[in-house]
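Below is one structure; the comments refer to it alone.
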Amino acid sequence: MGEVMSGNRMDRRAAVARLLEGRKDLLVVTGLGSPSYDAMAAGDHPMNYYLWAAMGSATTVGLGLAMSQPDKSVLVLTGDGELMMGVGALATVSVTGPKNLTIAVLDNGLFGETGQQLSHAGKGIEISKLAASMDFAWTGIVEDEAGIDDLRGRLARRDGPQLATIKVTGENAPRVLPPRDGVHIKNRFRSALGFEPI
Numbered sequence: 009m010g011e012v013m014s015g016n017r018m019d020r021r022a023a024v025a026r027l028l029e030g031r032k033d034l035l036v037v038t039g040l041g042s043p044s045y046d047a048m049a050a051g052d053h054p055m056n057y058y059l060w061a062a063m064g065s066a067t068t069v070g071l072g073l074a075m076s077q078p079d080k081s082v083l084v085l086t087g088d089g090e091l092m093m094g095v096g097a098l099a100t101v102s103v104t105g106p107k108n109l110t111i112a113v114l115d116n117g118l119f120g121e122t123g124q125q126l127s128h129a130g131k132g133i134e135i136s137k138l139a140a141s142m143d144f145a146w147t148g149i150v151e152d153e154a155g156i157d158d159l160r161g162r163l164a165r166r167d168g169p170q171l172a173t174i175k176v177t178g179e180n181a182p183r184v185l186p187p188r189d190g191v192h193i194k195n196r197f198r199s200a201l202g203f204e205p206i
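Here's what the structure looks like:
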């Protein structure tokens with residue numbers, strides 16, 4: 009396919025900050041790397057579940073969370089490379105059909121954590137079209153602030169799974185590392201949901 013990256017691209021960190029603005033009780037699962045750094049830069053929150061060393065798992069963790077917490081809105085914030093590593097999870101989301109799950113894919117067309125090589129998306133794979141072909145309730149491509157605002161408004165919908173591809177630039181902002189203690193992250197998240205730590 010070759011390189012096909014083009015069109016409008018947003019600043020990744022600014023896009024995430026705008027998406028998480030006024031989030032209230034939104035549950036957020038972040039894929040490893042930039043999505044976690046960007047969510048942390050937007051403001052650490054006890055309802056952020058940061059994944060470390062679990063590439064390809066953000067969607068399945070978000071699905072499990074959406075199924076176990078049907079009255080809460082769940083956002084999976086992941087990158088295009090991370091999502092493609094576990095792309096089969098989209099089919100599982102489709103057939104499971106959680107009404108409260110939104111997946112936001114930060115698509116820079118690059119493998120940002122391993123040296124900025126072109127990713128599948130950078131070579132023309134459009135993730136939102138994959139989700140649309142799997143009968144997600146809504147899919148979209150976000151290229152500007154108005155699109156982010158629309159997506160933020162959709163987070164509380166209960167129509168079925170949603171997926172947005174957010175087109176972002178490939179620049180790497182300085183890393184803002186979230187807590188790296190998995191037990192702490194888990195227990196803090198459980199406490200925020202009203203469960204005892206384990």
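Each residue of the sequence shown is one higher than the one before, starting from 9 at the first, in the working numbering. Backbone N, C-alpha and C fix where the C-beta goes; we use that ideal spot for every residue, glycine too.
CB of residue i within 9 Å of CB of residue j, strictly
i	j	result
residue 84	residue 30	no
residue 87	residue 43	yes
residue 56	residue 205	no
residue 170	residue 109	yes
residue 172	residue 111	yes
Inter-residue spacing [alpha-carbon to alpha-carbon] between residue i and residue j
i	j	result
residue 176	residue 22	10 Å
residue 167	residue 145	6 Å
residue 75	residue 101	10 Å
residue 97	residue 174	19 Å
residue 199	residue 64	26 Å
residue 148	residue 194	31 Å
residue 141	residue 35	26 Å
residue 160	residue 28	8 Å
Secondary structure of residue i, DSSP reduced to three states
i	result
residue 194	helix
residue 82	strand
residue 175	strand
residue 18	strand
residue 184	coil
residue 113	strand
residue 149	strand
Cβ-based burial, residue i [other Cβ within 10 Å; buried from 16]
i	result
residue 90	buried
residue 155	buried
residue 104	exposed
residue 106	buried
residue 14	Confidence is the limiting factor: at residue 14 the pLDDT is only 45, short of 50, which leaves the residue's position unreliable and the question unanswerable from this model.
residue 46	buried
residue 191	exposed
residue 196	buried
residue 139	buried
8 Å Cβ shell around residue i - same chain, five flanking residues per side excluded
i	result
residue 152	16 and 18
residue 203	none
residue 59	37, 38, 39, 40, 44, 65, 66 and 69
residue 78	106, 107 and 108
residue 114	20, 23, 24, 42, 43, 46, 85, 86, 87, 88, 174 and 176
Close beta carbons around residue i, own chain, < 6 Å, minus the five adjacent residues each side
i	result
residue 25	50
residue 143	102
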